[in-house]
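Encoded as structure tokens, the structure appears first; notes follow it.
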Amino acid sequence: MYAEVVVNRPIVKRNRRSFVDAPEDAVIPAPELHQESPEPEAPEDDNPLALTFHYHIPPHLADNLRVGHLVAVPFRTQQLMGVVVGLSQISPVSDTRPVEAILDPNPVLTPNQIELARWLSREYIAPLAACLQYFLPPGSGRKPELMLIPLDNTASPGSLTAPERVLLAYLRQKGPTPLAEVDPGAAAGLVEKGLARRQSVLTKPRVGPKLERMVELTIPPDEIDGMLPTLGRPSKQADLLLYLSELDDPLPALDNVLAAVDCSISPVNALVERGWAELIPPQTRLDMPPALRDNSAPLETITDSPAEQKVLGYMRGQGRPMPLVQILEATAVDESTIDDLVEHKRLARFDEPERLTLTLPTNDIVEAVIELRYAHKYADVLRLLALEDGPVWVGWVYAQTEATLNTLKTLEDAGAISMGEARRWRDPLAGRGFTLDTPPKLTAEQQAVWEEVAQTWQSKSVYKLPFLLHGVTGSGKTEIYLRAIAAALQAGQSAIFLVPEITLATQTVDRVSARFPGRVALWHSALSPGERFDTWERV
Numbered sequence: 018m019y020a021e022v023v024v025n026r027p028i029v030k031r032n033r034r035s036f037v038d039a040p041e042d043a044v045i046p047a048p049e050l051h052q053e054s055p056e057p058e059a060p061e062d063d064n065p066l067a068l069t070f071h072y073h074i075p076p077h078l079a080d081n082l083r084v085g086h087l088v089a090v091p092f093r094t095q096q097l098m099g100v101v102v103g104l105s106q107i108s109p110v111s112d113t114r115p116v117e118a119i120l121d122p123n124p125v126l127t128p129n130q131i132e133l134a135r136w137l138s139r140e141y142i143a144p145l146a147a148c149l150q151y152f153l154p155p156g157s158g159r160k161p162e163l164m165l166i167p168l169d170n171t172a173s174p175g176s177l178t179a180p181e182r183v184l185l186a187y188l189r190q191k192g193p194t195p196l197a198e199v200d201p202g203a204a205a206g207l208v209e210k211g212l213a214r215r216q217s218v219l220t221k222p223r224v225g226p227k228l229e230r231m232v233e234l235t236i237p238p239d240e241i242d243g244m245l246p247t248l249g250r251p252s253k254q255a256d257l258l259l260y261l262s263e264l265d266d267p268l269p270a271l272d273n274v275l276a277a278v279d280c281s282i283s284p285v286n287a288l289v290e291r292g293w294a295e296l297i298p299p300q301t302r303l304d305m306p307p308a309l310r311d312n313s314a315p316l317e318t319i320t321d322s323p324a325e326q327k328v329l330g331y332m333r334g335q336g337r338p339m340p341l342v343q344i345l346e347a348t349a350v351d352e353s354t355i356d357d358l359v360e361h362k363r364l365a366r367f368d369e370p371e372r373l374t375l376t377l378p379t380n381d382i383v384e385a386v387i388e389l390r391y392a393h394k395y396a397d398v399l400r401l402l403a404l405e406d407g408p409v410w411v412g413w414v415y416a417q418t419e420a421t422l423n424t425l426k427t428l429e430d431a432g433a434i435s436m437g438e439a440r441r442w443r444d445p446l447a448g449r450g451f452t453l454d455t456p457p458k459l460t461a462e463q464q465a466v467w468e469e470v471a472q473t474w475q476s477k478s479v480y481k482l483p484f485l486l487h488g489v490t491g492s493g494k495t496e497i498y499l500r501a502i503a504a505a506l507q508a509g510q511s512a513i514f515l516v517p518e519i520t521l522a523t524q525t526v527d528r529v530s531a532r533f534p535g536r537v538a539l540w541h542s543a544l545s546p547g548e549r550f551d552t553w554e555r556v
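Structural data, given as structure tokens:
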């Protein structure tokens with residue numbers, strides 16, 4: 018299988034026997050070297066500016082290559098971009114070179130566009146390559162560029178000059194490098210010594226589709242607060258808050274807490290200084306055995322000591338364990354009296370360790386942990402995405418929060434969001450507001466014109482004569498144009514509105530956009546390359 022390719026190569030056919038290089042600014046395709054016809058004159062349909070090259074299609078491209086594809090092909094010592102304008106089983110020349118690559122996965126030209134380009138070439142005696150350019154995406158052209166490529170070869174360091182050694186090390190680290198960016202003398206030396214080679218490749222297109230990252234929440238919004246405490250920097254203070262908030266015991270022993278969280282006393286002191294926790298010093302508590310506390314017998318029957326009777330009476334009145342210090346203050350007895358009561362098992366002593374209790378309200382735990390872990394960016398992103406129904410542009414997230422790409426990647430690794438790419442159309446009308454316009458009632462003169470236009474539009478005749486509307490400024494011609502556009506769109510067709518004067522452009526764009534919001538593509542010389550590319554694809 019062979020591909021018939023038009024290569025954008027400046028060559029001019031001077032006579033029937035030879036081809037010579039044209040000036041650099043010429044845009045003329047490379048002709049096919051057909052055998053000379055015995056007839057003195059070329060046939061009428063033989064356009065010397067539309068001749069092509071044939072390349073054989075390698076097996077790995079055979080199933081994908083189609084008419085209209087942009088391809089990379091070898092041409093003399095260079096690699097050039099070409100357009101496939103035909104496929105055939107035979108080639109007019111026996112010795113062909115292969116198509117090297119398909120530059121775009123989808124054909125950029127249709128057979129009808131290629132046929133129209135051939136007609137333009139014949140009708141206006143123009144190079145076929147130049148005619149095809151009008152149908153190609155703006156900025157899609159690729160130029161050949163010489164690259165210096167390192168080879169898997171070894172040489173004695175002593176055989177290289179200092180510049181050659183530097184260049185070789187650079188090539189082996191960076192890979193293929195444009196020849197224009199390196200020392201030509203060192204490059205020539207490496208090529209001569211078999212350590213590098215020159216190769217022509219095609220540069221990347223100047224412009225292409227604009228792809229931007231999208232981000233979307235992947236967890237239910239009600240799970241955000243549960244995930245936020247796990248994000249951000251490590252913080253022992255945050256770990257302590259989370260541990261204490263999850264305990265059933267409101268007064269855990271300090272030593273047990275420190276062991277569970279694996280931290281020192283410093284984070285605890287920091288929480289106490291913030292007022293988020295409280296340290297309860299170690300203390301001794303006393304309690305009466307249930308048999309004595311619930312016994313209504315007079316205290317004199319239990320002990321003869323008035324001091325002991327005073328303590329037991331106080332404890333019976335409290336009905337619960339009491340701190341030793343508080344008992345001593347309330348009864349004004351010596352601590353020896355307490356010791357005697359404990360010794361005779363009339364009181365039970367409990368030595369409590371130092372304890373830590375949480376004073377921060379439960380509803381404030383998440384925000385406190387976010388503050389301690391410096392996780393505000395993560396919280397802002399997740400809460401922002403929770404308000405959206407689907408993916409949003411990453412750039413918009415950056416504008417609304419202080420997040421960075423690392424912030425989003427961390428959230429993606431945590432399974433909270435997903436990121437992908439979507440095409441963003443560069444529209445010169447984007448961001449402009451247009452008041453929706455409704456068709457006005459036609460004047461009698463406009464109605465007569467529109468009825469004739471509509472009647473011709475609705476006729477089944479294949480050949481419809483054009484209309485030329487004549488009228489002074491403000492006579493209502495534009496409204497007829499807009500109604501004709503509406504009829505074309507309703508019939509599943511499209512329309513081109515040409516503005517003859519630059520001074521009319523703004524008001525015309527406003528009127529058309531107001532009548533057909535979101536369906537207008539604008540084309541003029543001031544478009545950026547990206548806007549021109551996207552408008553070409555939309556049209």
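Sequential numbering from 18 applies to the sequence shown in my numbering.
All residues carry an ideal CB built from backbone N, CA and C; glycine is no exception.
Grouping DSSP H, G and I as helix and E and B as strand, with all else coil, what is residue i?
{"i": "H71", "result": "strand"}
{"i": "D381", "result": "helix"}
{"i": "V529", "result": "helix"}
{"i": "Q216", "result": "strand"}
{"i": "V409", "result": "strand"}
{"i": "T552", "result": "helix"}
{"i": "D304", "result": "strand"}
{"i": "D368", "result": "strand"}
{"i": "S176", "result": "helix"}
{"i": "A461", "result": "helix"}
{"i": "P546", "result": "helix"}
{"i": "E518", "result": "coil"}
{"i": "G437", "result": "strand"}
{"i": "R250", "result": "coil"}
{"i": "I119", "result": "strand"}
{"i": "Q343", "result": "helix"}
{"i": "V232", "result": "strand"}
{"i": "A396", "result": "helix"}
{"i": "L185", "result": "helix"}
List the endpoints of the continuous beta strand (DSSP E) containing residue i.
{"i": "P307", "result": "First-last for P307: P307 to R310, but that is the alpha helix (DSSP H), not the beta strand (DSSP E)."}
{"i": "Y19", "result": "Y19 to V24"}
{"i": "D266", "result": "From DSSP, D266 is part of no beta strand (DSSP E); its letter is neither H nor E."}
{"i": "R83", "result": "Here R83 belongs to no beta strand (DSSP E), and DSSP marks it neither H nor E."}
When you compare each of the options to residue i by their alpha carbons, which one comes out closest?
{"i": "E429", "options": "P193, Y395 and L133", "result": "Y395"}
{"i": "S542", "options": "P161, A471 and F550", "result": "F550"}
{"i": "K227", "options": "D444, V529, L459 and V328", "result": "D444"}
{"i": "G493", "options": "E290, A471 and K458", "result": "K458"}
{"i": "L296", "options": "V383, R302, V285 and P306", "result": "V285"}
{"i": "Q95", "options": "P370, S476 and V24", "result": "V24"}
{"i": "G330", "options": "L341, R310, E346 and V342", "result": "R310"}
{"i": "R93", "options": "R114, E240, L87 and T69", "result": "R114"}
{"i": "S108", "options": "P128, P161 and V22", "result": "V22"}
{"i": "E369", "options": "V414, I502 and P269", "result": "P269"}
{"i": "Q106", "options": "L358, M244, I74 and L446", "result": "I74"}
{"i": "R366", "options": "T301, V342 and D357", "result": "T301"}
{"i": "T523", "options": "V199, L539, H393 and A508", "result": "L539"}
{"i": "P167", "options": "W413, E181 and P155", "result": "E181"}
If I'm right that residue i touches residue j with Cβ under 8 Å, what's the distance once you round it to whole angstroms?
{"i": "V90", "j": "G99", "result": "5 Å"}
{"i": "V125", "j": "G103", "result": "The pair is not a contact, with the Cβ atoms about 15 Å apart (cut-off 8 Å)."}
{"i": "P238", "j": "A403", "result": "4 Å"}
{"i": "T495", "j": "R528", "result": "6 Å"}
{"i": "M164", "j": "L137", "result": "With 8 Å as the limit, M164 and L137 do not qualify as a contact, their Cβ atoms being about 35 Å apart."}
{"i": "L594", "j": "L257", "result": "This structure leaves residue 594 out entirely; the chain is present only between 18 and 556."}
{"i": "L184", "j": "A205", "result": "Actually they are not in contact, since the Cβ atoms of L184 and A205 sit about 10 Å apart, beyond 8 Å."}
{"i": "Y19", "j": "H71", "result": "5 Å"}
{"i": "L425", "j": "V411", "result": "7 Å"}
{"i": "V3", "j": "A277", "result": "Not covered by the structure: residue 3. The range shown for the chain is 18 to 556."}
Residue range of the alpha helix (DSSP H) that residue i falls in?
{"i": "T536", "result": "For clarity, residue 536 is Arg in the given sequence; the question names Thr instead. Where R536 is concerned, there is no enclosing alpha helix (DSSP H), given that its DSSP letter is neither H nor E."}
{"i": "S353", "result": "E352 to E360"}
{"i": "S283", "result": "I282 to R291"}
{"i": "S138", "result": "P128 to E140"}
{"i": "I502", "result": "K494 to Q507"}
{"i": "V274", "result": "L271 to V278"}
Among all the DSSP beta bridges, which residues are the ones paired with residue i?
{"i": "V101", "result": "V22"}
{"i": "E240", "result": "The partner list for E240 (beta bridge, DSSP) is empty, contrary to what the question assumes."}
{"i": "T523", "result": "DSSP output for T523 lists no bridge partner at all."}
{"i": "T374", "result": "E295"}
{"i": "P456", "result": "P456 is not bridged to any residue."}
{"i": "Q96", "result": "P91"}
{"i": "T15", "result": "A question about residue 15 goes unanswered here, because the residues of the chain that appear run from 18 up to 556."}
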